Amino acid sequence: MRVENYIIDRIERLCEEKHMSRYRLSQKAGISQSSISTLLNRKSIPSIPTLEKICTGFGMTLAQFFAAGDEYPDLTEEQRNLLSTWKKLSEQERELVKAYMQGIIKE
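Heads up: the sequence shown is residues 1003 to 1109, going by my numbering.
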């Protein structure tokens, strides 16, 4: 598979997995909706800075984007398990977990 096709296919798959519309991805990534549509309609491929913004919109790093399967590179098993669980949470549940964590951290 060509790299260009892999990138676009991966973005589409992540949108499906995260139940994220093109519009929502554009909002979270800080990229215009027309740019996202152009990419996903295979009329262009993203530059590295654009792909980094898309990854940020998905809440992942470039390394995670290109990792084989759904594995997280350079993480301990415990961290992988936590992130795997995190992926299963809804956006509202994630906000609750973040609020809880901030509440227990003593700064």
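Beta carbons: idealized from backbone N, C-alpha and C, even for Gly. None of the values given here were measured: they were computed from a predicted structure.
C1057 to T1040, Cα distance in whole Å? 17 Å
Leaving out the 5 sequence neighbours to the left and right, which residues in its chain are closer than 7 Å to G1032 when beta-carbon positions are compared? These residues qualify, in order along the chain: K1055.
Going by the beta-carbon positions, is the gap between I1010 and R1044 smaller than 8 Å? yes
Mind listing, in chain order, the continuous alpha helix (DSSP H) runs of no fewer than 4 residues lying wholly within the segment 1005–1064? 1005–1019, 1024–1031, 1035–1042 and 1050–1060
Any C-beta of chain B under 8 Å from that of E1079: Checking the listed chains, one finds no chain B in this structure; it contains a single protein chain.
Can you find the residues in the same chain that come closer than 7 Å, C-beta to C-beta, to P1048, ignoring five residues on each side of it along the sequence? I1009, L1041 and I1056
Alpha carbon to alpha carbon, what distance is there between S1034 and L1085? 28 Å
When you compare only the Cα positions, how much space is there between Y1025 and G1061? 16 Å
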